[in-house]
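In our numbering, the protein residues as written are 5 to 151.
Cβ coordinates follow ideal geometry from the N, Cα and C atoms, glycine included.
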Ligand SMILES: [Fe+2]
Ligand SMILES: [Fe+2]
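This is the structure in structure tokens:
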């Protein structure tokens with residue numbers, strides 16, 4: 005079922021990022037490091053797409069979004085980024101259990117965060133950025149994903 009180009013694309017990206025994390029075995033920190041680094045890179049890219057391209061484009065056409073849902077998403081991004089950065093540091097130090105604890109803290113925010121985006125914010129973005137605007141936003145995201 006298609007929810008719109010934006011919702012489909014960003015939801016699919018959530019799923020791919022979730023799958024990368026699911027493959028990380030924190031009991032083996034050395035092997036976990038390259039896999040978690042890839043998860044980190046992909047989640048960071050996803051957050052940048054939202055913060056620099058999607059959310060500003062939607063807020064330009066629907067300014068109240070910036071103060072409500074988008075402001076909440078930005079606060080949650082900061083929490084998510086902190087825990088994933090700490091997890092990466094722990095893994096670099098060979099501390100698998102410590103990394104696992106940070107990831108658990110990150111997932112407490114990320115689970116609900118992705119659900120709110122998928123159920124509310126992305127469909128809202130598709131509605132606000134209907135047609136040519138949505139296509140333009142996706143062009144910019146795809147252009148950036150090659151960089
Ligand atoms: Fe987000
Ligand atoms: Fe997202």
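For residue 57, no alpha helix (DSSP H) encloses it, and the DSSP letter there is neither H nor E. Assignment of residue 98 by DSSP, reduced to helix, strand and coil, places it in the coil class. Scanning 131, 63, 136 and 32 for the CA closest to the CA of residue 104 turns up 32. Inclusion of residue 110 and residue 80 in the CB contact set at 8 Å is not warranted, their separation being larger than that value. For the pair residue 61 and residue 141, the CB atoms are nearer than the 8 Å cut-off. Residue state for residue 40 is assigned as helix, using DSSP reduced to three classes.
Contact between the segment 65–83 and the segment 25–43 is absent, with fewer than three C-beta pairs closer than 8 Å. Contact check for residue 55 and residue 39: beta-carbon distance about 25 Å, past the 8 Å limit, so the pair fails to qualify.
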